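*Asks:* Have a look at the structure that comes next, please.
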């Protein structure tokens with residue numbers, strides 16, 4: 062789970078650097094989306110009885 066978020070953060074960071082953005086739009090977007098997805102998967106896994 063942490064690896065997924067970490068890879069997304071790294072890709073977002075690299076994309077922000079490549080596009081020379083002053084505000085880390087892709088970093089924040091990727092981290093938010095992947096964190097939400099991981100939490101949703103964890104919720105489904107824990108409530109699957």
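Residue numbers (our numbering): 62 to 110.
By construction, the Cβ of each residue, glycine as well, lies at the ideal position given by its N, Cα and C atoms.
Predicted, not measured: the structure shown is a model, and the values here were computed from it.
1. Could you give the distance in angstroms between the alpha-carbon of residue 54 and the alpha-carbon of residue 85?
2. Confirm, please, whether the CB-CB distance from residue 96 to residue 72 is below 8 Å.
3. Over the uninterrupted alpha helix (DSSP H) stretch that includes residue 78, give me the two end residues.
4. DSSP on residue 95, reduced to helix/strand/coil?
*Replies:* Concretely, from the data shown:
1. The structure shown has nothing for residue 54, since the chain only spans 62 to 110.
2. no
3. 63 to 79 is the span of the alpha helix (DSSP H), which, as asked, contains residue 78.
4. helix
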